[in-house]
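Under my numbering, the first residue of the sequence shown carries the number 27, and numbering increases by one thereafter.
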Amino acid sequence: MTDLVTLGESMALFTARRTGPLRHARDFGLGVGGAESNVAIGVSRLGGRAAWIGRVGADEFGELLRSTLAGEGVDVRGMRVDPEAPTGLMIKSRRTTEMVDVRYYRSASAGSRLRPSDLDVSLIRSARVLHVTGITLALSASAAEAVRVAIAEARAAGVTVSMDINYRRALWTPAEASAALRETVASVDVLFATEAEARLVVQGDDPLTLAGALSALGPRHVLIKRGALGAIELSDGAVRHAEPYRVVELDPVGAGDAFAAGWIAETLAGATSERRLATACAAGAFAVTADGDWESLPRRADLDLLRPADPAGAADTVDAVSR
């Protein structure tokens, strides 16, 4: 049995080594990134068995994705190679030392052409958790339908369905996102969102009100990620608050994926509610401590290295949980 199955688009990631306007960059690091594959890697590093379903191009970037995910212990049997479309690209740069800019080149990419026929239904039905994001809903009509079919298959098999709203304004407007997200949220068991993302679906002035309104739509577990203010979990009517961790932030991209991976991994391991939320926050904090979307995601042995934020801590650090 696979612990976690996730689906979506992962891309080749070029990171400018020089801070400043991208047009002046000459040297780039090459890696991979994608919200769903980040979660799969995070769960794998914490001891779970994770699988990723998606499309890549018949190109070197597609092979890079395959080898990277497989090297991190992620099952890639659900990866499909599209001979007619390229692997999508991400370009990451720093306009200033504190301002990270990410641009996506995914129009007509292989990943955006994901469709229901690409799904390994037996893999989904045999999983313990299916994890999806709002990104895939926004990629294309066929990708959105693949998400809906995957959720239906999971629910029919009694598989827990997890979703991170992961709103990307480059892919759709708030109005477009609102209706689609509200429909999908009603069919999931676990929901991750920032306060801003929650307001795309429900109304509320504070995180607890937002969590309650989202829970009323259907999810048993709602997690509101609050960055430097920690996180709030509403599960089966019980509210839990998590404190942030104090770390030096180098790259905020991927922290929310790490948070989801930590929570899911501990849930799969049968941890207490307090432990799963603490691990989620620790994983989110680890994610921002190094460049890359997933490279600094923790393993079990790393989790005790962090301590909750001390309000009187050093001024050259920042609080981080997820963004």
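All residues carry an ideal CB built from backbone N, CA and C; glycine is no exception.
Since this is a predicted model, take the numbers as computed values, not measurements.
Neighbourhood of residue i by C-beta, 6 Å cutoff - its chain only, sequence neighbours within 5 removed
{"i": "residue 218", "result": "190, 249, 286"}
{"i": "residue 141", "result": "168, 172"}
{"i": "residue 131", "result": "115"}
{"i": "residue 109", "result": "84"}
{"i": "residue 244", "result": "212"}
{"i": "residue 66", "result": "32, 76, 78, 100"}
{"i": "residue 283", "result": "61, 64, 65"}
{"i": "residue 70", "result": "76, 98, 99, 100"}
Nonlocal neighbours in the same chain, by C-beta distance under 7 Å from residue i, ignoring five residues either side
{"i": "residue 107", "result": "82, 84, 88"}
{"i": "residue 276", "result": "314, 315, 316, 317"}
{"i": "residue 237", "result": "248, 250, 258, 260"}
{"i": "residue 234", "result": "258, 265"}
Distance, residue j Cα to residue i Cα
{"i": "residue 151", "j": "residue 292", "result": "21 Å"}
{"i": "residue 317", "j": "residue 303", "result": "24 Å"}
{"i": "residue 326", "j": "residue 99", "result": "15 Å"}
{"i": "residue 30", "j": "residue 143", "result": "20 Å"}
{"i": "residue 49", "j": "residue 43", "result": "12 Å"}
{"i": "residue 296", "j": "residue 270", "result": "23 Å"}
{"i": "residue 135", "j": "residue 264", "result": "42 Å"}
{"i": "residue 63", "j": "residue 179", "result": "20 Å"}
{"i": "residue 333", "j": "residue 139", "result": "43 Å"}
{"i": "residue 223", "j": "residue 124", "result": "23 Å"}
{"i": "residue 254", "j": "residue 309", "result": "14 Å"}
{"i": "residue 120", "j": "residue 95", "result": "26 Å"}
{"i": "residue 199", "j": "residue 328", "result": "39 Å"}
{"i": "residue 210", "j": "residue 104", "result": "23 Å"}
{"i": "residue 101", "j": "residue 75", "result": "8 Å"}
{"i": "residue 93", "j": "residue 240", "result": "38 Å"}
{"i": "residue 126", "j": "residue 55", "result": "15 Å"}
{"i": "residue 194", "j": "residue 262", "result": "29 Å"}
{"i": "residue 46", "j": "residue 122", "result": "6 Å"}
{"i": "residue 227", "j": "residue 307", "result": "24 Å"}
{"i": "residue 35", "j": "residue 299", "result": "30 Å"}
{"i": "residue 86", "j": "residue 267", "result": "44 Å"}
{"i": "residue 272", "j": "residue 324", "result": "16 Å"}
{"i": "residue 246", "j": "residue 278", "result": "28 Å"}
{"i": "residue 184", "j": "residue 177", "result": "10 Å"}
{"i": "residue 221", "j": "residue 256", "result": "12 Å"}
{"i": "residue 153", "j": "residue 129", "result": "33 Å"}
{"i": "residue 162", "j": "residue 156", "result": "14 Å"}
{"i": "residue 330", "j": "residue 59", "result": "26 Å"}
Simplified DSSP assignment, three categories, for residue i
{"i": "residue 121", "result": "strand"}
{"i": "residue 88", "result": "helix"}
{"i": "residue 328", "result": "helix"}
{"i": "residue 101", "result": "strand"}
{"i": "residue 352", "result": "Past the edges of the chain, shown from 27 to 349, lies residue 352, and the structure says nothing about it."}
{"i": "residue 137", "result": "helix"}
{"i": "residue 356", "result": "Outside the displayed span of the chain (27 to 349) sits residue 356, for which this structure offers no information."}
{"i": "residue 376", "result": "Nothing can be reported for residue 376: it is not among the residues displayed for the chain, which extend from 27 to 349."}
{"i": "residue 41", "result": "strand"}
{"i": "residue 108", "result": "strand"}
{"i": "residue 147", "result": "helix"}
{"i": "residue 113", "result": "coil"}
{"i": "residue 238", "result": "helix"}
{"i": "residue 81", "result": "strand"}
{"i": "residue 73", "result": "coil"}
{"i": "residue 132", "result": "coil"}
{"i": "residue 315", "result": "coil"}
{"i": "residue 13", "result": "Absent from the structure is residue 13, since the part of the chain shown begins at 27 and ends at 349."}
{"i": "residue 68", "result": "helix"}
{"i": "residue 6", "result": "No statement about residue 6 is possible, as the shown extent of the chain runs from 27 to 349 and does not include it."}
Close Cβ partners of residue i (< 8 Å) along its chain, the five nearest in sequence each way excluded
{"i": "residue 51", "result": "42, 43, 44, 119"}
{"i": "residue 182", "result": "151"}
{"i": "residue 73", "result": "291, 295, 326"}
{"i": "residue 175", "result": "142, 145"}
{"i": "residue 166", "result": "138, 139, 140"}
Assumed close pair residue i, residue j - CB separation to whole angstroms, cut-off 8 Å
{"i": "residue 215", "j": "residue 186", "result": "5 Å"}
{"i": "residue 280", "j": "residue 319", "result": "4 Å"}
{"i": "residue 57", "j": "residue 39", "result": "5 Å"}
{"i": "residue 27", "j": "residue 113", "result": "That pair is no contact at about 30 Å."}
Cβ-heavy atom distance, residue i to the ligand NAD, below 7 Å
{"i": "residue 103", "result": "As presented, the structure is devoid of all ligands, the ligand NAD included, so that no description of it is given."}
Ranges of the alpha helix (DSSP H) found wholly within the segment 241 to 308, counting only runs of at least 4: 281 to 294
Continuous beta strand (DSSP E) assignments of at least 3 residues falling wholly in the segment 181 to 235: 186 to 190, 216 to 220
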